[in-house]
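Residue numbers for the sequence shown, in the UniProt record's numbering: 1 to 166.
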Amino acid sequence: MSSEDSLKSLSLDYLNLLINGQAFSDVAFSVEGRLVHAHRCVLAARSLFFRKLFCGLDPNHPPSPSPASRGGGAPATPELVIPVSSIRYEVLVLVLQFLYSGQASVSAPKSGPLPGCGTRGCWHTRCGAAVDLALDTLAAARSFGVEQLALLVQVGNQYQFHGICS
């Protein structure tokens with residue numbers, strides 16, 4: 001197995017951890033009435049924002065007690081639920097997919113319409129819903145300090161949305 005294949009396999013393993021939801025999760029985001037389960041260690045390793053949030057470097061959000069501090073053989077730390085109101089569900093999932101796998105498809109799916117896209121057979125190259133998705137993802141990436149994703153959105157979409165104002 002080449003090192004590239006090994007990295008792809010690792011990326012897919014982590015992405016499957018996110019996709020499988022509650023498996024070993026210790027944090028969840030409540031967004032638009034849905035729960036998105038995640039893992040603090042992955043988020044903290046990939047984002048300074050989450051590292052500060054979960055490691056107690058943010059005085060407004062102290063860390064949860066560890067199982068060891070609650071006494072010996074206690075079960076794992078109960079899942080923390082973080083309400084999210086400033087980011088759409090689809091955008092949060094894209095950000096998390098990138099944090100877990102290092103990859104994200106920020107372009108709109110060609111297989112079906114986006115919420116807000118009423119055009120049948122739309123390829124989303126000039127679609128307002130696709131532009132909104134890209135802009136919202138860019139804003140979320142910047143908020144969470146995930147500059148690699150912000151660059152991916154900017155570079156990837158400058159070609160996809162070229163000529164959008166024409």
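Don't be surprised by glycine CBs; every beta carbon is placed ideally from N, CA and C.
Predicted model, so just to flag it, every value in this text is computed and none were measured.
*Between D26 and S9, what straight-line distance do the alpha-carbon atoms span, to the nearest angstrom?*
One Cα belongs to D26, the other to S9, and the distance between them is close to 24 Å.
*Could you tell me whether the Cβ atoms of V36 and L99 are closer together than 8 Å?*
No. Outside cutoff.
*Might you give, ordered along the chain, the residues of its own chain that have their beta carbon closer than 6 Å to the beta carbon of V81, omitting 5 neighbours on each side?*
If we look at V81 and ignore the five residues flanking it on each side, its Cβ neighbours are A28 and S30.
_For D5 and A44, what's the separation of their Cα atoms in angstroms?_
Roughly 25 Å between the two C-alpha positions.
*asked:* Quick check: the Cα distance between Q154 and E79, rounded to an integer number of angstroms?
replied: Between Q154 and E79, the C-alpha separation is close to 34 Å.
_So for S6, helix, strand or coil by DSSP?_
Note: S6 maps to helix in three-state DSSP.
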